[in-house]
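A.B. asks:
Numbering (the working numbering), first residue to last: 238 to 414.
Written out as structure tokens, the structure is:
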């Protein structure tokens, strides 16, 4: 027996009412939202990992507030992409997320290059807001396969696991992942 369309719509609406998280992607790992860590805690993490961006926690935090993206995710991407600016091209580019350069942009080895960590932070938030959140991609499981695709030699599953582990660790108040 086929279920009438109206009944299916009613079941979907009841599900949405019963599960409010379904309205925003249904995930504990949705990037959109209020900060779940403080600027001071971000600085503690950056300092503990000997990041060249240590002392810039307030900037990373403030950009998150401006874009309504929880800064814990920026911190997690920063960990995965360059171990907080201590590895790879980020040492030169000041890029939180190793963002590919477009023609005409300042670049180094194909990645956007910034004159400061603060510029790199702001551009990462802008990218996530305009290219992902605006398209309805708000969870780590939705964002990472597009942001760091397997076609670019990324291990998408490992990237997602690492971001989630870092987020959980830092939300629990622990510095080291």
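Glycine is no exception: its CB is placed at the ideal position from the N, C-alpha and C atoms. Bear in mind the structure is a predicted one, so any value in this text is a computation, not a measurement.
To which residues does DSSP link residue 348 through a beta bridge?
C.D. replies: In DSSP, residue 348 forms a bridge with 337, 345.
A.B. asks: Put residue 375 into one of helix, strand or coil per three-state DSSP.
C.D. replies: Looking at residue 375 - three-state DSSP - the assignment turns out to be coil, as it is neither helix nor strand.
A.B. asks: Buried or exposed, going by whether 16 or more other CB atoms sit within 10 Å of the CB of residue 277?
C.D. replies: Exposed, since its Cβ has fewer than 16 Cβ neighbours within 10 Å.
A.B. asks: Put residue 269 into one of helix, strand or coil per three-state DSSP.
C.D. replies: Strand.
A.B. asks: What residue range is occupied by the uninterrupted alpha helix (DSSP H) comprising residue 292?
C.D. replies: Neither: residue 292 is in no alpha helix (DSSP H) and is coded neither H nor E.
A.B. asks: The alpha helix (DSSP H) spanning residue 288 covers which residue range?
C.D. replies: Per DSSP, residue 288 belongs to no alpha helix (DSSP H) and is neither H nor E.
A.B. asks: Return yes when the C-beta of residue 286 is under 8 Å from any heavy atom of the ligand GDP, and no when it is not.
C.D. replies: By its list of ligands, the structure shown contains no ligand whatsoever, and the ligand GDP lies outside what it can speak to.
A.B. asks: Name the DSSP beta bridge partners of residue 397, please?
C.D. replies: DSSP output for residue 397 lists no bridge partner at all.
A.B. asks: Taking 9 Å as the threshold (C-beta atoms), are residue 274 and residue 309 in contact?
C.D. replies: Cβ atoms of residue 309 and residue 274: closer than 9 Å.
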